[in-house]
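Counted from 1, the sequence shown has number 64 at position 65 by numbering that gives the first Met the number 0; the numbering is strictly sequential. What follows is a set of notes on a single structure, which appears directly below.
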Amino acid sequence: MTLTWSAWTPTWTTSTGANSPSFGNATIDCKYAQSADAVLFEMEITFGSTTNFGGGGSSDNWRFSLPVTAAESVLIAGVGEIQDGAATTRWPVRARLTTTTTVEVELCGRAYDDTAGVSSGLVDATTPMTWANGDRILLHGHYQAA
0 MTLTWSAWTP
10 TWTTSTGANS
20 PSFGNATIDC
30 KYAQSADAVL
40 FEMEITFGST
50 TNFGGGGSSD
60 NWRFSLPVTA
70 AESVLIAGVG
80 EIQDGAATTR
90 WPVRARLTTT
100 TTVEVELCGR
110 AYDDTAGVSS
120 GLVDATTPMT
130 WANGDRILLH
140 GHYQAA
C-alpha cells in the first residue's frame with residue numbers, strides 16, 4: 000500500500016484559550032497520511048525569531064490542531080522530543096490527544112543528558128524551558144479518524 004502524504008499547518012492555541020501563541024517566522028514541517036480510518040502524522044516545528052510563545056506558564060498548556068478529527072481522545076498517540084537549540088538539551092515527549100481535534104505535548108522523562116530537572120508535565124510557554132529562536136518540537140504518531 001502506498002500512502003500519499005499531505006502538508007498541514009496546525010493551529011497553535013492553549014488549553015484556556017488565553018495567552019495565545021503565534022508561529023511568526025517559525026519553520027513548520029507537518030504532514031499526515033490517511034488510509035481508511037488510520038491517520039499517521041509527523042510534526043516538526045522549529046521556532047523563529049518572531050515566534051510569540053504566549054504566556055500563562057503551567058496553567059495554560061499548548062495545543063496544536065490535528066489534520067483530521069480523531070475518533071476519541073487518547074493518552075498516547077505518538078512520541079518525539081523537544082530540542083533546546085541553544086543548549087542542545089533534548090527531552091523525550093509523547094503526543095496525547097486531549098480532545099478529538101487537538102494534540103498536546105507531554106514530557107515523559109528527564110532530559111537525555113540529565114542536566115535539566117523538569118521531567119513531567121504538559122508543554123507550555125515555560126515548560127520544560129524558556130523557549131527561544133531555534134528550539135524545536137518533533138512528534139510522530141498515529142490515531143483513528145472519526
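From the three backbone atoms N, C-alpha and C, an ideal C-beta is built for every residue, glycine too.
Alpha carbon of residue i to alpha carbon of residue j, nearest angstrom
{"i": "Leu138", "j": "Thr68", "result": "17 Å"}
{"i": "Thr26", "j": "Trp7", "result": "12 Å"}
{"i": "Val78", "j": "Arg62", "result": "15 Å"}
{"i": "Pro9", "j": "Leu65", "result": "7 Å"}
{"i": "Thr49", "j": "Ala70", "result": "35 Å"}
{"i": "Ser72", "j": "Ser58", "result": "20 Å"}
{"i": "Thr99", "j": "Leu74", "result": "11 Å"}
{"i": "Arg135", "j": "Ala37", "result": "26 Å"}
{"i": "Phe46", "j": "Asn60", "result": "17 Å"}
{"i": "Leu96", "j": "Ala76", "result": "7 Å"}
{"i": "Gln82", "j": "Gln33", "result": "28 Å"}
{"i": "Ala144", "j": "Ala35", "result": "8 Å"}
{"i": "Ala150", "j": "Ala124", "result": "Outside the displayed span of the chain (0 to 145) sits residue 150, for which this structure offers no information."}
Short Cβ contact (8 Å threshold) for residue i with residue j
{"i": "Gly133", "j": "Phe40", "result": "no"}
Assigned secondary structure, residue i (DSSP; H/G/I helix, E/B strand, else coil)
{"i": "Tyr58", "result": "Looking at the sequence shown, residue 58 is not Tyr but Ser. It is helical."}
{"i": "Tyr31", "result": "strand"}
{"i": "Tyr111", "result": "coil"}
{"i": "Asp134", "result": "coil"}
{"i": "Leu121", "result": "strand"}
{"i": "Val150", "result": "It is not possible to answer for residue 150, since the shown part of the chain is limited to 0 through 145."}
- Query: Any contact of the segment 81-92 with the segment 49-58, i.e. 3+ C-beta pairs under 8 Å?
  - Reply: Contact between the segment 81-92 and the segment 49-58 is absent, because fewer than three Cβ pairs lie under 8 Å.
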